[in-house]
Ligand code: ADP
Ligand code: ADP
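Numbering (UniProt numbering), first residue to last: 7 to 236.
Have a look at this one:
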């Protein structure tokens, strides 16, 4: 069953940069797709079109059969359903880990503080931060901050999670703890689209590897085929 269906997507930025050219990709519910390719090939742009942080110039994107370009579509609702984790963690510095995770459930989903608090605690446990809930971001390592960012995205109960180079800003010793959280999400059946240079993750966790070059989706393969030695 398809959850994401991108068809002939083009993106031309206002400055004329043609960042996506006829990109088509179907993703099934529960699938983990890793996007690789050189810098500037359009990976980040494509990811951002999937939750409409970036509008598209041509083509269609459907999430659960809802077209993102249909004027009747409530884009805010789509954004709630498609969580995103960035290279830079973007936590609110004046809020604790728990405060960061509770914010959107209270403000956007209008949950009670009590409910948001108990769900937030569960999510922080799930990402291995039970002991760090009351720490401010400045008192957390990069790996811990990124795990808070993942918990914060999960607090919106998304159907899909997008990851844009989630470990690229981390010191090497912290990469593993973030990838472990992503692996456990994948094994829980989360649909994930991941831009990463971590080939170990792609090999172990991806159902499909998609390669982009100069705005085009050049090929897609199973990791078994992609990484097979010849
Ligand atoms: P990648 O994630 O593969 O590094 P990007 O999606 O960031 O690639 O960028 C694809 C192309 O679009 C690049 O040529 C980049 O310079 C350009 N680009 C990205 N964002 C913008 C923007 N906001 N305005 C104009 N051009 C952009
Ligand atoms: P990445 O490759 O990780 O996406 P970049 O360094 O290409 O990172 O881009 C960082 C930010 O700058 C992004 O928000 C992107 O949209 C923007 N950007 C990239 N290229 C351009 C460009 N040519 N003009 C304007 N904004 C750009």
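Backbone N, C-alpha and C fix where the C-beta goes; we use that ideal spot for every residue, glycine too.
Query: Spatial distance of residue 31 from residue 153 (CA atoms); Result: 28 Å
Query: Contiguous alpha helix (DSSP H) assignments of at least 4 residues, all confined to the stretch 109–177; Result: 119–132, 148–160
Query: Alpha helix (DSSP H) segment containing residue 82, residue limits; Result: 81–87
Query: Span of the alpha helix (DSSP H), counted from its first residue to its last, around residue 25; Result: Looking at the DSSP string, residue 25 is not in any alpha helix (DSSP H); the run it does join, the beta strand (DSSP E), is 24–34.
Query: Buried versus exposed, by CB contacts within 10 Å (16 or more), residue 61; Result: exposed
Query: From 220, 156, 110, residue whose alpha carbon lies closest to that of residue 190; Result: 156
Query: Sheet register partners of residue 2 (DSSP bridge); Result: One cannot answer for residue 2 here, as it falls past the ends of the chain, which runs 7 to 236.
Query: Endpoints, beta strand (DSSP E) assigned at residue 65; Result: 64–69
Query: Cβ neighbour criterion (16 or more within 10 Å) applied to residue 163; Result: exposed
Query: Residue 225, enclosing beta strand (DSSP E) - first and last residue; Result: 222–227
Query: Residues near ligand 1, criterion Cβ-heavy atom distance below 6 Å; Result: 19, 21, 23, 25, 43, 45, 46, 47, 48, 49, 50, 51
Query: Identity of the residues DSSP links to residue 8 by a beta bridge; Result: 34
Query: Distance between residue 175 and residue 249 (C-alpha atoms, nearest Å); Result: With the chain covering only 7 through 236, there is no way to say anything about residue 249.
Query: Own chain, CB closer than 6 Å to residue 54, minus 5 neighbours either side, in chain order; Result: 60
Query: Helix, strand or coil at residue 210 according to DSSP, with G and I counted as helix; Result: helix
Query: Burial state of residue 83 (16 or more Cβ within 10 Å); Result: exposed
Query: Per DSSP, cross-strand counterpart(s) of residue 73; Result: 68
Query: Extent of the continuous beta strand (DSSP E) to which residue 197 belongs; Result: 197–201
Query: CB contact flag (residue 207, residue 199, <9 Å); Result: no
Query: Among 192, 219, 180, nearest to residue 48 - alpha-carbon criterion; Result: 219
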